[in-house]
Amino acid sequence: FYDCVKLASVSLPANVKYIGDAAFYGCSSIKTIVIPSAVTEIGQNAFSGCSSLVSVSIPSKVKVISDGMFADCAALKAVTIPAGVTEIGKYVFENCVALTAVQIPAGVTVISDGLFSGCSALTSVNIPENVTYIGEFAFANCKVLPSVDVPSNVTFIGACAFANCSKFTAIAIPSGVTTI
49 FYDCVKLASV
59 SLPANVKYIG
69 DAAFYGCSSI
79 KTIVIPSAVT
89 EIGQNAFSGC
99 SSLVSVSIPS
109 KVKVISDGMF
119 ADCAALKAVT
129 IPAGVTEIGK
139 YVFENCVALT
149 AVQIPAGVTV
159 ISDGLFSGCS
169 ALTSVNIPEN
179 VTYIGEFAFA
189 NCKVLPSVDV
199 PSNVTFIGAC
209 AFANCSKFTA
219 IAIPSGVTTI
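Under our numbering, the residues of the sequence shown are numbered 49 to 228, in order.
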């Protein structure tokens, strides 16, 4: 369905287990999609460029959020990430300019490169205590994000991780950080 710009509604059968890479890439008219509970894996950029997509709930059987899954979903305001997710890929929410808050599951240990880059409406994000790595450009251009609590287990903060976070007034860097 790559670049089916007029596709507005999708009804997936309940027995679908896998949604492939770029499956709905650029389907800019999709507003909502119900991902069946049987889905265990969703490919890279599966919903990237679905600029009208407002909300999505990821099934509990999904353990990995693939690279770029929701990049450039300009209308995305809410996403529910299941507690069992242990890995969130690079640039997953890049340029999701309507996204205001995200709850990252406790099992996640890496905030990947560009994860929230360009999320200009983001005002709240939790970083679980288990996180040890914050990647390059992870929060770049999150212009209204007032602060981020960097967990004490973090040892690496990538280049430009907080670039252009213009509302920041202070940030506490844990003593365990060895690379900034």
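Every residue gets a Cβ at the ideal spot worked out from N, C-alpha and C, and that includes glycine. This one's a predicted model, so the numbers in the text were calculated from it and none came from an experiment.
Rounded to whole angstroms, C52 and F72 show a C-alpha spacing of 8 Å. Residue environment: K65 is assigned as exposed (fewer than 16 neighbouring CB atoms within 10 Å of its CB, all protein chains considered). Residue nearest to F216 within the set G206, V202, P199 and S195 is S195 (criterion: CA-CA distance). Going by DSSP, T128 is part of the beta strand (DSSP E) stretching over A126 to T128. In the structure shown, Y66 adopts extended strand secondary structure according to DSSP, grouped into three states.
Counting only residues of its own chain and dropping the five nearest sequence neighbours on each side, A220 has a CB closer than 7 Å to the CB of V198. For S103, the uninterrupted beta strand (DSSP E) segment begins and ends at S103 to S105. Leaving aside the five residues that flank S172 on each side, the residues in its chain whose CB is nearer than 6 Å to its CB run, in chain order, A149. Around the Cβ of F49, a 10 Å sphere holds fewer than 16 other Cβ atoms; the residue is exposed.
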